[in-house]
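These notes concern the structure reproduced below.
Number of protein chains: 2
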Amino acid sequence: MTQLEKKRALLLLPNLLGDLPHHEPFLPKSIDKAVKSLDGLIAESETAGRRFLGRFELEKDVRLIPISVYNKDTPDKDIDFLLEPISKNNERWGLISDAGLPCIADPGGKLVYRARRLGIPIQAFVGPSSIYLSLMLSGLQGQKFCFHGYLPFEKNFKIQAIKNLEKKALDNSETQIFIETGFRNNDLLQDLIATLSETTLLSIMWDISLPNQGGGTYTVAEWKASPLPNLHKRFAIFLVGKPW
Amino acid sequence: MTQLEKKRALLLLPNLLGDLPHHEPFLPKSIDKAVKSLDGLIAESETAGRRFLGRFELEKDVRLIPISVYNKDTPDKDIDFLLEPISKNNERWGLISDAGLPCIADPGGKLVYRARRLGIPIQAFVGPSSIYLSLMLSGLQGQKFCFHGYLPFEKNFKIQAIKNLEKKALDNSETQIFIETGFRNNDLLQDLIATLSETTLLSIMWDISLPNQGGGTYTVAEWKASPLPNLHKRFAIFLVGKPW
Numbered sequence: 001m002t003q004l005e006k007k008r009a010l011l012l013l014p015n016l017l018g019d020l021p022h023h024e025p026f027l028p029k030s031i032d033k034a035v036k037s038l039d040g041l042i043a044e045s046e047t048a049g050r051r052f053l054g055r056f057e058l059e060k061d062v063r064l065i066p067i068s069v070y071n072k073d074t075p076d077k078d079i080d081f082l083l084e085p086i087s088k089n090n091e092r093w094g095l096i097s098d099a100g101l102p103c104i105a106d107p108g109g110k111l112v113y114r115a116r117r118l119g120i121p122i123q124a125f126v127g128p129s130s131i132y133l134s135l136m137l138s139g140l141q142g143q144k145f146c147f148h149g150y151l152p153f154e155k156n157f158k159i160q161a162i163k164n165l166e167k168k169a170l171d172n173s174e175t176q177i178f179i180e181t182g183f184r185n186n187d188l189l190q191d192l193i194a195t196l197s198e199t200t201l202l203s204i205m206w207d208i209s210l211p212n213q214g215g216g217t218y219t220v221a222e223w224k225a226s227p228l229p230n231l232h233k234r235f236a237i238f239l240v241g242k243p244w
Numbered sequence: 001m002t003q004l005e006k007k008r009a010l011l012l013l014p015n016l017l018g019d020l021p022h023h024e025p026f027l028p029k030s031i032d033k034a035v036k037s038l039d040g041l042i043a044e045s046e047t048a049g050r051r052f053l054g055r056f057e058l059e060k061d062v063r064l065i066p067i068s069v070y071n072k073d074t075p076d077k078d079i080d081f082l083l084e085p086i087s088k089n090n091e092r093w094g095l096i097s098d099a100g101l102p103c104i105a106d107p108g109g110k111l112v113y114r115a116r117r118l119g120i121p122i123q124a125f126v127g128p129s130s131i132y133l134s135l136m137l138s139g140l141q142g143q144k145f146c147f148h149g150y151l152p153f154e155k156n157f158k159i160q161a162i163k164n165l166e167k168k169a170l171d172n173s174e175t176q177i178f179i180e181t182g183f184r185n186n187d188l189l190q191d192l193i194a195t196l197s198e199t200t201l202l203s204i205m206w207d208i209s210l211p212n213q214g215g216g217t218y219t220v221a222e223w224k225a226s227p228l229p230n231l232h233k234r235f236a237i238f239l240v241g242k243p244w
């Protein structure tokens, strides 16, 4: 390991999109090297952190690597404390989220922002994101796109949100991407089918990178004409786009 | 190689973000395997296609692998012809763009859509995207974000676009991401600094994953108070976000 590599840093590391046995198909070799250089890891939970570290062949005992928890419940005032091993002790720490890329559709942005303010060097690594894999696979417009996270839960607001995002998709040729909690996926699908125009393209991609991966891109009229997929408790990404 | 792997498919393959000597830090091992299985490659240009294939140790002579060109100038009527080796001859072809992920901020979406209509199996692979890496590195909100491609060229429309996207960033906590042609980067930066509110966060990330990678996230007031970076002919990503 060179001196340069031992310098203090916050490493933004990708996680797999599910509980797969091997990481090599999804994470470049540089991640193995980066994980070996870590003094500690910030994860959404201790369990998720240990599971991530357990994937790699490390020089030290994985139980000796400290894990700090940062998730949506962490108060802002704790962020500087989480960064102290890097800012004060010149250590190298990783940041992961439960799945995919940290900071994207996941916590981490504010911690990275604070690390920037503290002058901590930050490195981002390549890895899987269900959002961009879905966008590639969908065959929808990828020159412009918006990711919205979750739509509103309350029915009327949700329907209005669907109408708004369809208008953006059609007026601006901007693909609209969003997600839903697993047990509400089928409800959202019903609402989409009932609300969107017949000619609008709706893409649904589920269990991306997992053995049960599937999905399709069809007009709303076509979705209506066939049995709908059962998305209950699956991890699904929804994309609404303008017909080509 | 198993029977399954020899099945016909369109493989959406990542390219590097620049002319780097090694691909291993940015592309998972699965890409090497996928490229070895290719019967042909669809690229934005013959040169870019050859350069991509030249990175990999292939069993057959790289010159024997046919390359088809698909870019923004390709007429729609040619798409079915490009897909014929897959749809009619059951071959495996890759799709790449000049840099990063095909279909994302790059051509390919319509070709993938057409491949779906023809019932061709499609696989997407993990790789670098300057958009995702910039968003992670920026420390801005990544729970909601929009990628706009290029802003309008004409000055008045550009200023109006900047105002609109700042409003979206502030009202919806939605990070706004866009790019500009290299020789107009400095002009855009001037327009951003002059148009955005002093407290709005502006992140600029350049030459992502390349030796000259750099960038920063500051309020507009902070950018104004320091010498601005020279972005002339650099590949830069601009991000506008709400203060945390």
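Protein chains in written order, with the UniProt record's numbering: chain B, 1 to 244; chain L, 1 to 244.
Just so you know, even glycine gets a beta-carbon here, dropped at the ideal spot from N, CA and C.
Cβ shell of residue i (< 7 Å), same chain only, five flanking positions each side left out
i	result
L140 (chain B)	T175, L201, S203, T217, L239, G241
F145 (chain B)	L135, E174, T175, I177
L101 (chain B)	P14, G127, S129
D39 (chain L)	P85, E91, R92, W93
residue 257 (chain B)	In the structure as shown, chain B starts at 1 and stops at 244, and residue 257 (chain B) therefore has no counterpart that could be examined.
C-alpha gap between residue i and residue j, whole angstroms
i	j	result
T219 (chain B)	E198 (chain B)	6 Å
M136 (chain B)	G142 (chain B)	7 Å
L11 (chain L)	L41 (chain L)	9 Å
L82 (chain B)	R50 (chain L)	46 Å
L64 (chain L)	C103 (chain L)	26 Å
L231 (chain L)	D73 (chain L)	28 Å
L17 (chain L)	L165 (chain B)	31 Å
E57 (chain B)	S37 (chain B)	11 Å
T2 (chain L)	K60 (chain L)	No answer about T2 (chain L) holds up, because its pLDDT of 46 lies below 50 and its placement is not dependable.
K77 (chain L)	G54 (chain B)	50 Å
F52 (chain L)	F52 (chain B)	31 Å
N172 (chain L)	H148 (chain L)	16 Å
V62 (chain B)	K110 (chain L)	46 Å
L183 (chain L)	Y150 (chain B)	According to the sequence displayed, residue 183 (chain L) carries Phe and not Leu. Cα-Cα distance, rounded: 38 Å.
E84 (chain B)	G214 (chain L)	24 Å
D207 (chain L)	D187 (chain B)	43 Å
I237 (chain B)	G94 (chain B)	27 Å
P75 (chain L)	R116 (chain B)	45 Å
W244 (chain L)	V112 (chain B)	11 Å
A43 (chain L)	K29 (chain L)	21 Å
L133 (chain L)	T181 (chain B)	26 Å
I179 (chain L)	I179 (chain B)	26 Å
Buried/exposed call for residue i, threshold 16 Cβ in 10 Å
i	result
L189 (chain B)	buried
D98 (chain B)	buried
G119 (chain L)	exposed
S226 (chain B)	exposed
A221 (chain L)	exposed
N15 (chain B)	buried
N185 (chain B)	buried
S235 (chain B)	Strictly speaking, residue 235 (chain B) in this sequence is Phe, with Ser absent from that position. By the 10 Å Cβ count, F235 (chain B) comes out buried.
A48 (chain B)	buried
K7 (chain L)	exposed
L4 (chain L)	Here L4 (chain L) scores only 48 on pLDDT, less than 50, and its place in the model should not be relied on; the value that follows carries that caveat. L4 (chain L) is exposed by the Cβ-count criterion.
K233 (chain L)	exposed
Sequence-distant residues of its chain with Cβ nearer than 8 Å to residue i (five each side left out)
i	result
E46 (chain L)	I67, V69
Q123 (chain L)	A9, L10, L11, L12, A34
K163 (chain B)	T195
L20 (chain L)	F26, S209, L210
I159 (chain B)	D191, T195
D80 (chain L)	S87, R114, L118
I193 (chain L)	L202, V220, W223, K224, L228
K168 (chain B)	C146, E174, Q176
N212 (chain L)	W206, R234
G108 (chain B)	L12, Y70, L95, S97, P102
Close Cβ partners of residue i (< 6 Å) along its chain, the five nearest in sequence each way excluded
i	result
D106 (chain B)	S97
S138 (chain B)	S203, T217, L239
L170 (chain L)	K242
P121 (chain L)	A9
Point to revise | the stretch 115-142 of chain L: positions lying closer than 9 Å to chain B by Cβ | key: A115, R116, R117, I122, Q123, A124, F125, V126, G127, P128, S129, I131, Y132, L133, S134, L135, M136, L137, S138, G139, L140, Q141, G142
Exercise for review: State whether the stretch 125-132 of chain L contacts the stretch 154-174 of chain B, with contact taken as three or more CB pairs (one from each stretch) at a distance under 8 Å.
Suggested key: no
Review point. Counting Cβ pairs, one atom from each stretch, are 3 or more of them under 8 Å apart for the stretch 11-28 of chain L and the stretch 23-43 of chain B?
Key: yes
Practice item. Taking only beta carbons into account, state which residues of the stretch 17-43 of chain B come closer than 8 Å to chain L, listed in chain order. Key: E24, P25, F26, L27, P28, K29, S30
Check your understanding: Looking at chain L, which residues of the stretch 83-104 of chain B have a Cβ within less than 8 Å of any of its Cβ atoms?
Key -> L101, P102, C103, I104
Practice item. With 8 Å as the C-beta to C-beta threshold (strictly closer), list the residues of the stretch 141-161 of chain B near chain L in chain order. Key: Q141, G142, Q143, K144, F145, C146, F147, H148, G149
Check your understanding: If contact means a Cβ-Cβ distance below 7 Å, which residues of the stretch 199-225 of chain L contact chain B?
Key -> Within the stretch 199-225 of chain L, the qualifying residues are T217.
Check your understanding: Which of the residues in the stretch 174-197 of chain B, read from start to end, lie with their CB under 7 Å from any CB of chain L?
Key -> none
Review point. Quick one, which residues of the stretch 46-65 of chain L are near chain B if we go by CB-CB under 8 Å, in chain order?
Key: none
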